[in-house]
Ligand code: FES
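Residue numbers (my numbering): 19 to 589.
Structure below.
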């Protein structure tokens with residue numbers, strides 16, 4: 019039987035002489051001070067996504083050091099390396115545009131280096147899905163470590179944190195209820211420490227779903243970024259990485275469609291980010307598993323929101339951590355889950371639940387009988403305006419707008435929106451429906467988080483807090499309102515959204531999952547003929563690749579050529 023290569027002997031550079039390639043490799047890495055003993059051990063890669071532009075990863079170097087300690091204590095050689103780092107506020111035009119690039123960077127570096135297992139360290143919204151998409155395609159054992167949520171700040175006596183409160187404070191400022199000095203003071207408190215946004219935004223949602231998938235150490239999702247617990251989890255992750263390297267315990271071999279359905283349940287039960295469904299779909303797609311919006315909606319009908327965190331509820335991630343974190347949630351919805359699914363630790367979800375005692379009283383994770391919201395946080399809408407589906411976060415919508423008919427006030431794109439939304443002459447009332455086109459995957463490009471169309475200033479001053487808003491874009495998981503997102507197909511490729519005109523009536527009924535443009539098919543056909551779709555691809559570079567290969571929201575906005583499994587890649 020052929021001897022399995024480990025560590026430095028794997029994936030030798032092609033010089034046509036493997037012995038020379040190993041000699042050369044060892045000579046170079048000895049320049050770091052490693053001796054031959056260390057270089058004969060299994061190699062655990064640690065992906066370091068520290069960046070001075072990314073405060074969500076501000077603790078990353080200390081987590082790398084703690085992970086290294088865990089790896090060394092377990093008898094392997096830890097070697098860290100960088101990949102792209104993405105932060106929501108430092109990614110032009112939008113972080114989603116770069117997620118697939120980060121996934122490709124992760125995949126190709128994991129395939130290029132001599133790794134027996136890899137620790138992925140990320141946290142900010144797009145980083146964790148990008149890392150897992152890449153790692154699943156790279157097809158070697160890996161474990162995820164997140165940087166953890168930031169602490170909570172205080173503004174005028176209220177607890178605040180990025181970024182539900184950022185949006186609330188900005189809306190108050192736009193309606194003249196806060197001064198310039200107020201917003202300056204608030205900006206000192208909204209991000210009081212390093213770490214990811216402290217509400218149930220995309221980063222928190224992803225962390226909880228990834229722990230549910232079994233891809234991090236139990237308890238790894240919620241521990242605060244600034245805590246000894248987060249450092250201990252990092253060390254534990256290092257030790258676990260060595261174990262999975264020795265056992266070749268590769269997530270691609272044990273993750274199943276049921277694991278992904280468990281993650282969907284958790285997405286719904288926590289009132290998670292709408293972005294969660296896009297990322298989970300893209301991750302599953304890398305394994306050749308198709309997650310459908312119809313299945314998400316089906317699961318949502320009997321999965322109540324039980325976690326009382328902003329934006330659906332009131333608390334912050336540090337409250338959820340004190341309440342027991344993910345295991346408390348899994349325990350409460352255990353009958354809805356496939357508990358025999360494996361995790362990276364080798365235990366099943368059932369074994370983890372059984373050995374974790376949750377006896378203390380708390381109010382963040384509600385019982386099934388006293389939910390925050392009766393059914394799942396997300397609902398899938400269909401109709402002639404969104405033949406392939408659209409998403410609404412119903413748990414964060416206004417109950418009086420859940421069924422609503424109104425006149426469309428249409429914006430053709432981001433520039434048009436920014437030019438006219440605050441125009442005092444804009445013909446708009448609080449009963450109208452704001453429609454924003456051309457912010458889908460191809461349209462913007464990159465599907466920016468602009469779906470939370472601002473309330474026109476003249477209405478905000480009158481006290482209007484929410485209106486029905488519809489777009490083919492996304493919104494931050496930290497945002498709330500009656501916002502219809504991810505309309506597919508998007509306007510830029512000729513979806514019906516493209517043909518909506520000012521004054522058209524639109525009917526929304528979340529209870530019946532309906533999104534209808536009340537315009538006849540004949541009239542829509544006439545409009546289509548008059549408005550042929552002309553899209554121009556960038557001529558070079560990543561923009562060209564993105565434009566030519568990005569898929570729509572229901573397919574996870576991944577590139578078509580990255581989907582599925584290619585066993586030729588198994589090295
Ligand atoms: Fe990084 Fe919110 S901006 S998690």
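The beta carbon of each residue, even a glycine, is placed where N, CA and C say it ideally should be.
Cβ neighbours of residue 241 within its own chain (closer than 7 Å, five residues either side excluded): 166, 247, 248, 251, 339.
In chain order, the residues positioned with their C-beta nearer than 5 Å to some heavy atom of ligand 1 are 74, 106, 142, 214, 215, 221. For residue 406, the enclosing beta strand (DSSP E) stretches over residues 404-411. The DSSP assignment places 135-140, 160-164, 171-173, 176-178 as complete runs of the beta strand (DSSP E) inside the region 133-191, in order along the chain (cut-off: 3 residues).
Counting along the chain, the unbroken alpha helix (DSSP H) around residue 270 starts and ends at 269-272. Within the DSSP bridge table, the entry for residue 98 names 64 as partners. Note on geometry: alpha-carbon atoms of residue 171 and residue 280 lie some 33 Å from one another. Take residue 358, set aside five residues on each side of it, and the residues of its chain with a beta-carbon closer than 6 Å to its own are 366, in chain order. Check the Cα spacing between residue 399 and each of 552, 548, 315: the tightest is with 315. In the DSSP assignment, residue 527 forms a beta bridge with 421, 532. Here the alpha carbons of residue 98 and residue 510 stand approximately 41 Å from one another. Apart from sequence neighbours up to five positions away, no residue of its chain approaches residue 312 with a beta-carbon distance below 6 Å. Residue 118 sits buried, since 16 or more C-beta atoms from the chains shown fall within 10 Å of its C-beta. Residues of the same chain with a CB within less than 7 Å of the CB of residue 461, apart from the 5 flanking positions on each side, are 490, 508, 509, 510 in chain order. DSSP, reduced to helix, strand and coil, places residue 250 within a helical segment of the structure shown. Looking at the backbone, the Cα of residue 502 and that of residue 303 are separated by about 24 Å. The residue among 112, 116, 68, 61 with its C-alpha nearest the C-alpha of residue 559 is 116.
Cβ neighbours of residue 406 within its own chain (closer than 7 Å, five residues either side excluded): 506, 507, 570, 572. The Cβ atoms of residue 212 and residue 244 sit closer than 9 Å to each other. Each residue's CA atom was taken as its position, placing residue 412 and residue 321 some 13 Å apart. By the CB criterion at 9 Å, residue 393 and residue 323 fall inside the cutoff. Cβ contact annotation for residue 380 (same chain, cutoff 8 Å, sequence separation greater than five): 340, 341, 342, 346, in chain order. The region 276-291 and the region 210-229 touch, with no fewer than 3 CB-CB distances between them shorter than 8 Å.
In the DSSP assignment, the residues bridged to residue 489 are 454.
Only exposed fits residue 36, as fewer than 16 other CB atoms lie within 10 angstroms of its CB. Here the alpha carbons of residue 494 and residue 330 stand approximately 13 Å from one another. Excluding five sequence positions before and after residue 156, the CB atoms of its chain that fall closer than 6 Å to its own CB belong to 125, 128, 129, given in chain order. Under a 10 Å Cβ-count criterion, residue 202 is classified as exposed, with fewer than 16 other Cβ atoms of the shown protein chains found around its own Cβ. Following the DSSP letters along the chain, one finds residue 340 inside the alpha helix (DSSP H) bounded by residues 335-341. The beta-bridge partner set that DSSP reports for residue 468 is empty.
C-alpha of residue 51 to C-alpha of residue 105: approximately 34 Å in a straight line.
When secondary structure is reduced to three states using DSSP, residue 548 falls in the helix class. Separation of the CB atoms of residue 239 and residue 215 is rounded to 14 Å, and the pair is thereby denied contact status at 8 Å. According to the DSSP secondary-structure assignment, residue 429 is paired through a beta bridge with 454. Of the residues 79, 266, 45, the one whose Cα lies closest to the Cα of residue 134 is 266. The DSSP-derived three-state label of residue 395 is coil.
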